[in-house]
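J.: Below: one structure in structure tokens.
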Amino acid sequence: MKMKKMLVTLLTGLVIVVLAACGGNEEAKKDDTNKENKQEETAKNEEDAKKQMEEMQKKMDKQKLKEDKKVAVVNDEELLGSDYNVLLNQLQMQYAQMGQDPTSKEISKQVKDQVIESLVGQTLLLQDAEKKGYTASADEVNKELEKLKEQYKEKGQFEKVLKENNMTEDQLKVQIAENIQYTKYMDKEISAGEVKEDEMKKQYDQMAEQAKAAGQEAPKYEEVKETIKGQLENQKKQEKIVQHVEKLKKDAKVEVLI
């Protein structure tokens, strides 16, 4: 019976294919036309999106500073336009990806303030890391660079990404070195503190309430417990970092020049 049913299915399918081929020429022509129209529409949409992104990039580029322009001085260390522009581009792209215009008057002011705040904070932390002997070896930097390159399989893709982010490989290596130095410093100097069970349950209850309000069912507590713990640890660490930067600022000389 199973073999007979299979043969019937195959034969039925064959008949449908033959009938479509013999009597459906007009439909086939319509399908081809619709397919061509959709392809043309997709190509036009992609071209429009590309033009919009190019226009946005031009507007974003106008907000860059000259590479050698002094942006701020932190404990006698000068921060230049080249440092500012790297962070500026990263933040602008984040806003653009969220559907907001980073070059609008209100948001560009926010972006500028965030870039300055980040630059000053990072500089103070790295200065303290340097002072306390945290470093990144050339071997550590090269290993991390190779890991990044391995993520881009196609030839020229890595270079293309660097160009899109207005970075050179040397600038990236400097960032990698600073990240390694920063990570070592953070791991030793700033503890997130213990996340307690009642904190995790409180966070879960809030999440469950939000899910319920949206007409959804929240996963069981045990299923998301580790995720919640990680989120709270990260949140606590960020708070500690902000407090630590504020403490470093009290003993620092910071002058913003833009």
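Note that the sequence shown covers residues -20 to -1, 1 to 238 in mature numbering (1 follows the signal peptide of the UniProt record, and there is no 0).
C-beta atoms are modelled at their ideal positions from N, C-alpha and C, and glycine is treated no differently.
Values in this document were obtained by computation on a predicted structure and should not be read as measured data.
For E47, which of helix, strand or coil comes out of DSSP?
T.: coil
J.: Considering only their Cβ atoms, is the gap separating Q155 from M147 smaller than 9 Å?
T.: yes
J.: Check whether the Cβ atoms of A198 and K205 lie closer than 9 Å to each other.
T.: no
J.: Kindly confirm or deny that the stretch 161 to 176 and the stretch 101 to 120 touch, where touching means at least three C-beta pairs closer than 8 Å.
T.: yes
J.: Counting beta carbon pairs with one atom in the stretch 225 to 233 and one in the stretch 42 to 57, are three or more of them shorter than 8 Å?
T.: yes
J.: Rank Q161, V121 and E130 by C-alpha distance to the C-alpha of L152 and give the top, closest one.
T.: V121
J.: Rounded to the nearest angstrom, how far is the Cβ of M180 from that of K209, given a contact under 8 Å?
T.: Your pair M180 and K209 checks out as a contact, with CB atoms roughly 6 Å apart and the cut at 8 Å.
J.: Quick check on L59: does DSSP put it in helix, strand or coil?
T.: strand
J.: Could you tell me the alpha carbon to alpha carbon distance between N69 and M187, rounded to whole angstroms?
T.: 33 Å
J.: Can you tell me where the alpha helix (DSSP H) holding E235 begins and where it ends?
T.: First-last for E235: V234 to V236, but that is the beta strand (DSSP E), not the alpha helix (DSSP H).
J.: Could you check the C-alpha separation between D119 and Q32 for me, to the nearest Å?
T.: Taking the straight line from one Cα to the other gives about 41 Å.
J.: Is V53 helix, strand or coil by DSSP?
T.: In the displayed model, V53 falls within a strand according to three-state DSSP.
J.: Taking I238 as the reference, give the member of A23, L60 and E21 with the closest Cα.
T.: Proximity to I238 across A23, L60 and E21 peaks at L60, based on C-alpha coordinates.
J.: Could you say which of K123, I160 and V100 lies nearest to G113 if we only look at CA atoms?
T.: I160
J.: Is the CB-CB distance between E47 and S62 below 9 Å?
T.: yes
J.: Between which two residues does the alpha helix (DSSP H) harbouring D150 extend?
T.: E149 to E169
J.: Could you pull the start and end residues of the alpha helix (DSSP H) that Y132 belongs to?
T.: Neither: Y132 is in no alpha helix (DSSP H) and is coded neither H nor E.
J.: Spatial neighbours of K185 within its chain, please: CB distance less than 7 Å, with the 5 preceding and 5 following residues excluded, ordered by chain position.
T.: In the sequence on display, residue 185 carries Asp and not Lys. Counting only Cβ-Cβ distances below 7 Å, and skipping sequence neighbours, we find nothing.
J.: Mark A157 as exposed unless 16 or more other C-beta atoms lie within 10 angstroms of its C-beta, in which case mark it buried.
T.: buried
J.: So, with DSSP's three-state summary, where would you put residue 295?
T.: Past the edges of the chain, shown from -20 to 238, lies residue 295, and the structure says nothing about it.
J.: Quick check on M(-15): does DSSP put it in helix, strand or coil?
T.: Summary for M(-15): the model assigns pLDDT 34, below 50, so the residue's position carries little reliability; its value from the coordinates is reported in the next sentence. Reduced to three states, the DSSP call for M(-15) is helix.
J.: How would you write the range of the alpha helix (DSSP H) that S88 sits in, first residue to last?
T.: K85 to K111
J.: Taking its Cβ as the centre, do 16 or more other Cβ atoms sit within 10 Å of Q72, making it buried, or is it exposed?
T.: That one is buried.
J.: How many angstroms separate the CA atom of G173 from the CA atom of K49?
T.: For G173 and K49, the gap between their C-alpha atoms comes out near 40 Å.
J.: Under three-state DSSP, which class holds G210?
T.: helix
J.: So for N69, helix, strand or coil by DSSP?
T.: helix
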